[in-house]
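See structure below.
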Amino acid sequence: MIWYAVWLVMVFVVTGTLVHLVFRHYLEATLAASQRSRATRIAGVARRALDAGHRDLHEAMTTSFAPEATSRFVAVSDANGMALYRSGPPQDQSFDPVLISDSTGKAGTRKLSGTGPGELMLTALQSGDGPRAIWVATGESMVPLLVEQRRFLVFLCIVFGVVGGVALLGGRLLVDRALRPVGELTRSAETITSRNLSERLPEPGSDDEFAELSRALNRMITRLDEAFQHNRRFLDDASHELRTPLTILRAELEALTRETGPGRIRDTAASLLDEVERLGRLVENLFALSRLDAGRTPSEWRRMNLSQLAASTAEQMRLLADDKGLTLKCDSPVRVIVGGGVWIDGDRARLKQVVVNLLDNAFKYTPRGGTVSVSVVETDAGAVLEVADTGIGIPAEALSRVFDRFFRVDLSRSREPEGTGIGLSIVRAICSAHRGRVEVESVEGRGSCFRVILPAAAAPTKSETESLT
Ligand code: ADP
């Protein structure tokens with residue numbers, strides 16, 4: 004649109020300048036032609052007056068041409084340049100006749116400056132030959148001509164302004180119309196993520212470039228979908244296949260640790276069991292994540308009390324906190340009274356996993372004697388579940404990455420070897436599946452606070468509550 008506007012302005016400027024110059028040339032040529040014919044007529048009148056013996060041409064000129072009244076200049080001189088007649092000051096004061104030099108011997112039309120406010124156009128010609136020859140000059144100010152030109156310029160500007168405005172508006176409408184399919188395509192493309200790769204962009208019925216573009220994009224989405232599915236299947240199959248040997252390994256190692264035998268073998272078996280258990284957790288997490296990615300986890304969507312879920316999960320994990328010498332605080336009662344607490348729509352099992360993962364991390368990364376607190380409140384942003392601890396915290400540069408898969412902050416910070424770097428990715432995946440989000444605030448050495456924000460739902464009525472809880 005900007006290029007189009009610049010181009011239009013350039014065309015108008017060039018056309019306007021040309022039209023203006025042509026008009027000016029036309030006006031000047033018309034004025035010169037009328038001066039020539041007037042000069043010829045003046046010469047005729049002067050000749051007749053002189054032939055009739057009137058040496059003073061004054062009366063003949065005033066009667067026939069009235070130069071002062073019509074604001075024109077008229078001069079007649081003989082062959083030697085002696086002035087026979089010179090008109091007086093014009094009525095409109097547009098020039099001073101005294102400042103106009105003698106035109107004897109200077110036939111033709113020319114412009115004089117310095118004779119008044121504007122230029123003066125003067126035409127001179129010779130009439131007759133030899134000693135009977137006379138020179139006639141007539142002229143007038145070019146100011147009225149300039150005024151005409153200016154008026155025409157203003158008119159041109161108005162016309163071009165209106166035409167330009169209409170053209171730009173039309174152009175804008177055309178561009179909008181032409182680019183509408185691109186806008187629609189962009190909006191549809193924005194809605195396609197790794198979760199809904201089975202969807203396709205709308206293909207316009209026409210057979211133009213836009214239709215071709217959306218067909219090409221759809222082919223690309225199909226290829227992406229296949230690649231994603233291939234990856235998910237691989238992850239799914241791999242996790243599945245790994246489960247069985249791990250279960251067998253775990254069982255064998257557990258048996259070995261119970262056997263009486265050399266202490267070293269038992270110790271080795273115990274440490275191997277730890278590793279196998281860690282591997283087992285990793286595989287389970289990967290399995291859960293791949294199912295979440297594919298949107299395949301069976302989901303039991305229903306209205307549920309988030310306060311109650313947080314409280315009961317915290318209660319179930321209290322032993323773990325005691326074990327680690329931590330104080331666990333929860334501000335929601337386990338049994339919520341009718342209509343109380345904060346309600347949301349969601350899958351209870353998955354949301355419980357969110358609370359478990361966050362509490363598990365808080366326990367893992369908070370040294371003995373610390374405090375972990377769980378709270379659920381309803382704010383303008385929605386239902387907010389907060390898990391805060393007074394643990395080792397997360398360095399500022401790692402904060403943006405803690406939800407990435409397999410990301411773990413410097414392992415040497417923690418005494419806990421059991422992390423897999425997947426717990427928080429699962430939390431984030433579950434939150435987005437619930438159209439919510441998870442945030443973290445942390446100060447290294449002072450503690451962290453994880454905040455899950457989910458769309459809140461209305462509390463159910465008494466009878467609904469009974470059927471839900
Ligand atoms: P992990 O299994 O390693 O805990 P997560 O995905 O749950 O994996 O967490 C990623 C990383 O974020 C952890 O390795 C840890 O460094 C950091 N982190 C998570 N929660 C906390 C917390 N409450 N306090 C300090 N660091 C934490």
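For reference, each letter of the sequence shown is one residue, going 4 to 472 in the numbering used here. We put the CB at the ideal spot given by N, CA and C, even for glycine.
Distance, residue j Cα to residue i Cα
{"i": "Ser80", "j": "Leu128", "result": "11 angstroms"}
{"i": "Asp392", "j": "Lys327", "result": "13 angstroms"}
{"i": "Val412", "j": "Gln319", "result": "28 angstroms"}
{"i": "Asp334", "j": "Arg321", "result": "14 angstroms"}
{"i": "Arg235", "j": "Arg294", "result": "8 angstroms"}
{"i": "Leu354", "j": "His437", "result": "9 angstroms"}
{"i": "Ile161", "j": "Thr20", "result": "14 angstroms"}
{"i": "Pro93", "j": "Val77", "result": "11 angstroms"}
{"i": "Arg50", "j": "Ala110", "result": "18 angstroms"}
{"i": "Glu244", "j": "Glu444", "result": "38 angstroms"}
{"i": "Ala52", "j": "Ser130", "result": "14 angstroms"}
{"i": "Arg261", "j": "Gly283", "result": "20 angstroms"}
{"i": "Ala399", "j": "Val446", "result": "7 angstroms"}
{"i": "Ala241", "j": "Thr250", "result": "15 angstroms"}
{"i": "Met124", "j": "Arg154", "result": "20 angstroms"}
{"i": "Ala272", "j": "Val286", "result": "20 angstroms"}
{"i": "Val178", "j": "Ala8", "result": "13 angstroms"}
{"i": "Ser97", "j": "Phe15", "result": "34 angstroms"}
{"i": "Phe158", "j": "Met13", "result": "18 angstroms"}
{"i": "Glu215", "j": "Arg183", "result": "15 angstroms"}
{"i": "Leu102", "j": "Gly121", "result": "13 angstroms"}
Span of the alpha helix (DSSP H), counted from its first residue to its last, around residue i
{"i": "Ile13", "result": "This sequence places Met at residue 13; Ile is not what is there. Here the alpha helix (DSSP H) through Met13 covers Ile5 to Asp54."}
{"i": "Leu102", "result": "Premise fails: Leu102 is in no alpha helix (DSSP H) and is neither H nor E."}
{"i": "Ala401", "result": "No alpha helix (DSSP H) contains Ala401, which DSSP labels as neither H nor E."}
{"i": "Met64", "result": "His61 to Phe68"}
{"i": "Ala432", "result": "Gly426 to Ala436"}
Expected contact under 8 angstroms - CB spacing of residue i and residue j to nearest Å
{"i": "Ile425", "j": "Leu289", "result": "7 angstroms"}
{"i": "Gly394", "j": "Gly450", "result": "5 angstroms"}
{"i": "Val279", "j": "Asn360", "result": "So it is not a contact: roughly 21 angstroms between Cβ atoms."}
{"i": "Val380", "j": "Ala365", "result": "Actually they are not in contact, since the Cβ atoms of Val380 and Ala365 sit about 18 angstroms apart, beyond 8 angstroms."}
{"i": "Ile45", "j": "Val166", "result": "Actually they do not touch by this definition, with Cβ atoms about 45 angstroms apart."}
{"i": "Ala432", "j": "Leu292", "result": "6 angstroms"}
{"i": "Leu171", "j": "Leu402", "result": "Rounded, the Cβ-Cβ distance is 49 angstroms, inconsistent with contact."}
Span of the beta strand (DSSP E), counted from its first residue to its last, around residue i
{"i": "Glu389", "result": "Gly385 to Asp392"}
{"i": "Asp348", "result": "Trp346 to Asp350"}
{"i": "Val79", "result": "Arg75 to Asp81"}
{"i": "Glu447", "result": "Here Glu447 belongs to no beta strand (DSSP E), and DSSP marks it neither H nor E."}
{"i": "Ala127", "result": "Leu123 to Ser130"}
{"i": "Gly111", "result": "Gly111 to Leu115"}
{"i": "Ala86", "result": "Ala86 to Arg89"}
{"i": "Thr382", "result": "Thr374 to Thr382"}
Proximal residues to residue i (C-beta, below 8 angstroms), its chain only, five neighbours per side dropped
{"i": "Val358", "result": "Leu312, Ala313, Thr316, Ala317, Val377, Leu388 and Val390"}
{"i": "Arg135", "result": "Ala82"}
{"i": "Arg218", "result": "Glu206"}
{"i": "Leu204", "result": "Leu188, Ser191, Ala192, Ile195, Ser217, Leu220, Asn221 and Ile224"}
{"i": "Pro458", "result": "Ile347, Asp348, Gly385, Ala386, His437, Arg438 and Gly439"}
{"i": "Ser197", "result": "Phe231 and Asp296"}
{"i": "Asp99", "result": "Pro92, Thr118 and Gly119"}
{"i": "His23", "result": "Gln152, Phe155, Leu156 and Leu159"}
{"i": "Phe213", "result": "Pro184, Val185, Leu188 and Pro207"}
Cutoff 6 angstroms; reference residue i; Cβ partners in own chain excluding five residues on either side
{"i": "Glu442", "result": "Arg454"}
{"i": "Val48", "result": "Ala63 and Ser67"}
{"i": "Ala42", "result": "Thr126, Leu128, Val139 and Thr141"}
{"i": "Asp95", "result": "Ser74"}
Closer than 8 angstroms to chain C by CB, residue i
{"i": "Leu285", "result": "The chain inventory of the structure shown lacks chain C, comprising one protein chain alone."}
Cβ neighbours of residue i in the same chain (closer than 7 angstroms, five flanking residues each side left out)
{"i": "Ala72", "result": "Gln94"}
query: Hey, which unbroken runs of the alpha helix (DSSP H) at 4 residues or more fall wholly within the segment 137-225?
result: 146-194
message: If we require 3 or more residues per run, which beta strand (DSSP E) segments fall completely within the segment 255-342?
response: 304-308 and 330-333
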